[in-house]
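Just so you know, the sequence shown maps onto residues 186 to 583 in our numbering.
Cβ coordinates follow ideal geometry from the N, Cα and C atoms, glycine included.
Remember, predicted model here, so these are calculated numbers, not experimental data.
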Amino acid sequence: MEGSRLYLDFILVALGLLSSLLYHFWLWHAVRTRPRRTNIGVNAGGPRVWVIAMTKDNDKKNVLAVQTLRNHNMASTLMATTSIFLCCSLLAFTSNIYKSQKRRHSDLEVASKCAIVILALLSSLLCQCLSIMFISQVNLLINTLAVEACSVSPEYVAELLEKGLFLSTLGNRLFFSALPLVLWVFGPELVFLSSVALIPVLYNFDFVSGDEKGEVGVKVSDNDKKNVLAVQTLRNFIMSSTLIATISIFISCGLLAFTSNMYKSQKRRHSDLEVASKCATVIMALLSSFLCHSLSIMFITQVNLLINTLAVEACPVTPEYVAKLLKKGLFLSTLGNRLFFSSLPLVLWVFGPELVFLSSVALIPVLYSLDFVSGDEKGEVGVKVSGASHREFNAAEA
């Protein structure tokens, strides 16, 4: 029985990892041969154009440059923090399994599984930390390019930015590939299924359809007046997605600790399989929510960089393309919220199914109030805000 289980581990986990590797090899090939069909290829010239845009009229855009880079650092910080949280939870899970008197798995099997996942997560953490270091250098140098005594060139700063964004992308890919492996402690079947289910999600993120490209060369009006506003608006979306994503990971780590403590307990009211099944279901739902929010943040950080390059003649992207990225980011954020709200009652499953049912029913009128608009809330379409209102708003903001 033990030998067949190890054989199943080897086959299913290897197939899951192989599917991820084959997809990324195909993506790499598409970037090399058909770059305009992929997000990576379309955005390739974005960093250099952004540096040019920030260098021009730097006195007006110095704060904008710092705010834009801060948004990227926030996204990388989320992924790095999540990686280290999961590593700590897996270490605690491993130690509790060692202390358990009735073990379903050998010490070597548990240690090997957790070590592989932790290694992948630490690799993602390293990439995100290096990305933050590069972008922090750009953050310091970007506003020195207009000074005559500046010792660096715009090309050097653009190269630093490209390295930072590449390392962030690599860290994200390592994290997404490691995410299904977190479920390995509950069995190889979940690893294989989640790895395969992840591929169409990444495909939707990586590839661009023909109607998303738009017309290159269309200029955006009044960008100089609204560039900081655009970046600040996007930051608010990033912060809201970061909150839900962080809560999802906290709850998942808590459920991992709960599961390992149940294994360690001598007086058990439930079987190991029952506890593991319940916790695995909730963790899968929460990790799905986290995945949606992290992808949403990735889309919005792309918009964050590209939105202020549209007024540059050499801009490689179009307003239609940027709008499509924003729509995808907002859709994934909404989907992540729905998954989170749906999985929240399942957290109470460890106390009994009655609480799950009651909380699920109680959640429906709350969501109804959020989703539907009554007749008196619509107002009159086309009513303009007066100039006085704009002045009052700007005065209040100042």
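Cβ distance (whole Å) where residue i is taken to contact residue j below 8 angstroms
{"i": "LEU206", "j": "THR223", "result": "About 17 angstroms; that fails the 8 angstroms criterion."}
{"i": "SER474", "j": "PHE525", "result": "4 angstroms"}
{"i": "VAL234", "j": "THR494", "result": "5 angstroms"}
{"i": "CYS438", "j": "PHE270", "result": "6 angstroms"}
{"i": "LEU378", "j": "VAL467", "result": "Rounded, the Cβ-Cβ distance is 16 angstroms, inconsistent with contact."}
{"i": "VAL416", "j": "GLN252", "result": "5 angstroms"}
{"i": "ALA331", "j": "THR240", "result": "7 angstroms"}
{"i": "THR279", "j": "ALA305", "result": "Between ALA305 and THR279 the Cβ distance is about 15 angstroms, and since that is not below 8 angstroms, they are no contact."}
{"i": "LEU368", "j": "MET469", "result": "7 angstroms"}
{"i": "LEU249", "j": "VAL502", "result": "With 8 angstroms as the limit, LEU249 and VAL502 do not qualify as a contact, their Cβ atoms being about 18 angstroms apart."}
{"i": "LEU476", "j": "VAL386", "result": "7 angstroms"}
{"i": "ASN446", "j": "ASN281", "result": "6 angstroms"}
Coarse secondary structure for residue i, derived from DSSP in three states
{"i": "PHE557", "result": "coil"}
{"i": "THR354", "result": "helix"}
{"i": "PHE195", "result": "helix"}
{"i": "PHE521", "result": "It is Gly, not Phe, that sits at residue 521 in the sequence shown. Of the three classes helix, strand and coil, the one that applies to GLY521 here is helix, per DSSP."}
{"i": "CYS273", "result": "helix"}
{"i": "ARG382", "result": "In the sequence under discussion, the amino acid at residue 382 is Ala, which differs from the Arg named in the question. Helix at ALA382."}
{"i": "LEU131", "result": "The structure shown does not extend to residue 131, since the chain spans only 186 to 583, so no value can be given for it."}
{"i": "ASP244", "result": "helix"}
{"i": "CYS299", "result": "helix"}
{"i": "SER462", "result": "helix"}
{"i": "ASN493", "result": "coil"}
{"i": "CYS314", "result": "helix"}
{"i": "GLU333", "result": "coil"}
{"i": "SER338", "result": "coil"}
{"i": "GLY231", "result": "helix"}
{"i": "CYS477", "result": "helix"}
{"i": "LEU529", "result": "coil"}
{"i": "PRO550", "result": "helix"}
{"i": "CYS438", "result": "helix"}
{"i": "GLU374", "result": "helix"}
{"i": "GLY349", "result": "helix"}
{"i": "THR503", "result": "coil"}
{"i": "GLU498", "result": "coil"}
{"i": "GLY537", "result": "coil"}
Spatial distance of residue i from residue j (CA atoms)
{"i": "VAL401", "j": "ALA229", "result": "Summary for VAL401: the model assigns pLDDT 45, below 50, so the residue's position carries little reliability; its value from the coordinates is reported in the next sentence. Rounded to the nearest angstrom, the two C-alpha atoms are 15 angstroms apart."}
{"i": "LEU359", "j": "LEU310", "result": "9 angstroms"}
{"i": "LEU200", "j": "LEU325", "result": "45 angstroms"}
{"i": "LEU540", "j": "GLY226", "result": "49 angstroms"}
{"i": "GLY399", "j": "ARG523", "result": "Confidence in GLY399 is poor, its pLDDT being 45 and thus under 50, which makes the residue's placement unreliable; the coordinate value appears in the next sentence. Rounded to whole angstroms, GLY399 to ARG523 spans 31 angstroms at the Cα level."}
{"i": "ALA343", "j": "LEU517", "result": "30 angstroms"}
{"i": "LEU366", "j": "LEU428", "result": "24 angstroms"}
{"i": "PHE557", "j": "VAL488", "result": "29 angstroms"}
{"i": "GLU498", "j": "ALA238", "result": "10 angstroms"}
{"i": "LEU520", "j": "ILE384", "result": "17 angstroms"}
{"i": "LEU197", "j": "LEU471", "result": "23 angstroms"}
{"i": "ILE327", "j": "MET259", "result": "18 angstroms"}
{"i": "LEU315", "j": "THR266", "result": "14 angstroms"}
{"i": "PHE484", "j": "LEU419", "result": "11 angstroms"}
{"i": "LEU440", "j": "CYS464", "result": "6 angstroms"}
{"i": "VAL381", "j": "ARG255", "result": "34 angstroms"}
{"i": "VAL323", "j": "GLU340", "result": "11 angstroms"}
{"i": "SER462", "j": "PHE361", "result": "22 angstroms"}
{"i": "LEU491", "j": "CYS500", "result": "9 angstroms"}
{"i": "VAL393", "j": "ARG221", "result": "8 angstroms"}
{"i": "ALA277", "j": "ALA496", "result": "51 angstroms"}
{"i": "PHE210", "j": "SER204", "result": "10 angstroms"}
{"i": "HIS425", "j": "VAL535", "result": "Correcting the residue identity first, residue 425 is Ser in this sequence and not His. About 28 angstroms."}
Buried/exposed call for residue i, threshold 16 Cβ in 10 Å
{"i": "LYS404", "result": "Residue placement at LYS404 cannot be trusted, given a pLDDT of 47 that sits under 50; the coordinates are not used to answer."}
{"i": "PRO373", "result": "buried"}
{"i": "ILE303", "result": "buried"}
{"i": "LEU555", "result": "exposed"}
{"i": "LEU543", "result": "exposed"}
{"i": "ASP194", "result": "buried"}
{"i": "GLY349", "result": "buried"}
{"i": "LYS509", "result": "buried"}
{"i": "CYS335", "result": "exposed"}
{"i": "LYS512", "result": "exposed"}
{"i": "ILE482", "result": "buried"}
{"i": "LEU345", "result": "buried"}
{"i": "ILE549", "result": "exposed"}
{"i": "LYS298", "result": "buried"}
{"i": "HIS214", "result": "exposed"}
{"i": "LYS245", "result": "exposed"}
{"i": "PRO232", "result": "buried"}
{"i": "GLY356", "result": "buried"}
{"i": "TYR388", "result": "exposed"}
Beta-bridge pairing of residue i - partner residues as DSSP gives them
{"i": "LEU361", "result": "Reading off the sequence, residue 361 comes out as Phe, not Leu. For PHE361, which the question treats as bridged, DSSP gives no partner whatsoever."}
{"i": "THR223", "result": "PHE392"}
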